[in-house]
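Visitor: What follows is a single structure, and I will ask about it in a moment.
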Amino acid sequence: MPQPRLLLTRPQLGAAQFLERLSPALRMGAVISPLVEIAPTAVLVDLTPFAGVIFTSANGVAHAPAGGGMPAYCVGPQTTAAAANSGWQAQMAGLDAEAMIANLSGRTDIGPLLHLAGRHRRGDIAGILSASGLTTQVVIVYEQNLMPLSPEAQALLEGSTPVIVPLFSPRSAHHFAQQAACTTGVMAVSISSAAAEALEALPLYAHDVAAEPTGEAMAEAVEKLFRRTTLP
């Protein structure tokens with residue numbers, strides 16, 4: 001089998017950061033073709049009515065005001081680190097949104113909270129937490145605009161070389177399934193079972209799911225798949 005190539009479909013900055021986690025053999029010849037473009041909404045955020053904020057992605061942090069030491073409850077280590085670097089008193093409240101909801105539900109002592117989010121997100125976090133007694137509102141601070149796969153990406157998928165494609169959300173996985181001209185050589189790595197479900201109808205060469213929904217686990221899964229297909 002020829003050595004697989006890597007196709008990254010995250011927004012440009014996130015793809016470049018993920019690429020840095022990987023071994024030189026994977027970085028060589030990698031193609032970046034974002035399926036999502038992040039764009040600010042330019043909404044004015046008033047934090048004064050709130051005791052803290054919720055971040056479910058690093059993009060939320062990037063498009064939020066500086067923290068000024070205010071508490072931030074975050075999903076995943078990468079988002080938590082980004083919030084800390086932006087001046088928030090950041091703590092990880094769970095590896096995914098479901099875990100965060102379980103950890104924060106009913107915590108009336110830490111509210112009210114403001115979820116600084118993208119327009120497209122899974123589940124009504126603010127609604128669920130508010131129903132539990134923890135008053136939570138949401139403000140959309142960024143858009144996630146869908147993008148087509150580039151001609152270079154499509155040519156890679158249609159070639160004879162296997163292509164490793166990490167997919168970091170159910171929405172991007174669904175869009176990839178709609179966009180990809182050919183998937184018989186695709187070795188997909190999904191960040192979660194929900195993302196994996198979006199690929200179920202595709203003819204894939206291989207498909208793995210990360211052990212947990214983090215960038216580190218995704219990098220480990222990609223490396224493991226690469227080694228499995230290149231070692232004799």
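Going by full-length UniProt numbering, the sequence shown opens with residue 1, and the numbers climb by one from there.
We put the CB at the ideal spot given by N, CA and C, even for glycine.
1. Check Q3 in the structure and name its three-state DSSP category.
2. Please say whether M218 and P166 have beta carbons closer to each other than 8 Å?
3. Is the separation between the beta-carbon of M92 and that of T80 shorter than 8 Å?
4. Report buried or exposed for P11, applying the criterion of at least 16 other Cβ atoms within 10 angstroms of its Cβ.
5. What residue range does the beta strand (DSSP E) around F50 cover?
6. Enumerate in chain order the residues of its own chain whose CB-to-CB distance from G87 is below 7 Å, with the five nearest sequence positions on each side excluded.
7. Could you round the C-beta distance between N59 and G118 to whole angstroms and report it? I think they count as a contact, below 8 Å.
8. Could you check the C-alpha separation between P151 and D46 for me, to the nearest Å?
9. What does DSSP give as the partner residue(s) for C182 in the beta ladder?
10. With L95 and A51 assumed to form a contact (beta carbons below 8 Å), what rounded beta-carbon distance in angstroms separates them?
11. Would you call T9 buried or exposed, if buried means 16 or more other Cβ atoms sit within 10 Å of its Cβ?
12. Compare the Cα-Cα distances from Q178 to each of L35, Q137 and V61 and report the closest residue.
13. Given a cut-off of 8 Å, decide if S190 and A196 are closer than it, judged by their beta-carbon atoms.
14. Determine the DSSP secondary structure at A66, reduced to helix, strand or coil.
15. Assign S172 to buried or exposed, taking buried as 16 or more other Cβ atoms, counted over all protein chains shown, within 10 Å of its Cβ.
16. How is the beta strand (DSSP E) around I38 delimited, first residue to last?
17. Mark L13 as exposed unless 16 or more other C-beta atoms lie within 10 angstroms of its C-beta, in which case mark it buried.
18. By how many angstroms is the C-alpha of D208 removed from the C-alpha of residue 233?
19. By Cβ distance, which residues of its chain are closer than 7 Å to A198, with the 5 residues on each side in sequence left out?
20. Restricting to runs no shorter than 4 residues, where is the alpha helix (DSSP H) found entirely within the region 63-105?
21. Determine whether the beta carbon atoms of A97 and V61 lie at a separation below 8 Å.
22. Does P170 come out as helix, strand or coil in the three-state DSSP assignment?
Guide: In short:
1. Coil, per DSSP.
2. Yes, the pair counts as a contact, with Cβ atoms nearer than the cut-off.
3. For M92 and T80, yes; Cβs fall inside 8 Å.
4. The residue in question, P11, is buried, as its Cβ has 16 or more Cβ neighbours within 10 Å.
5. DSSP places F50 in no beta strand (DSSP E); its state is neither H nor E.
6. Sequence-distant partners of G87 (beyond 5 residues in either direction) whose C-beta falls short of 7 Å from its own C-beta, in its chain, are A66, G67, G68 and G69.
7. That pair is a contact at about 6 Å.
8. Between the alpha carbons of P151 and D46 lies a distance of about 42 Å.
9. Partner(s): none; C182 has no beta bridge.
10. About 24 Å separates the two Cβ atoms, so there is no contact after all.
11. Result: buried.
12. Ranked by Cα distance from Q178, the first of L35, Q137 and V61 is L35.
13. A Cβ-Cβ contact shorter than 8 Å links A196 with S190.
14. Here A66 sits in coil by DSSP.
15. The Cβ neighbour count for S172, taken over all protein chains shown within 10 Å, is at least 16; the residue is labelled buried.
16. Secondary structure note for I38: its beta strand (DSSP E) is the uninterrupted segment V36 to P40.
17. By the Cβ neighbour-count rule, L13 is exposed, with fewer than 16 other Cβ atoms within 10 Å of its own.
18. This structure cannot settle anything about residue 233, because the visible part of the chain is limited to 1 through 232.
19. Taken in chain order, the residues that qualify are P170, A173, H174 and A177.
20. Here the runs fully enclosed are 77-85 and 97-104.
21. Cβ atoms of A97 and V61: not closer than 8 Å.
22. In the three-state scheme derived from DSSP, where H, G and I count as helix and E and B as strand, P170 is classed as helix.
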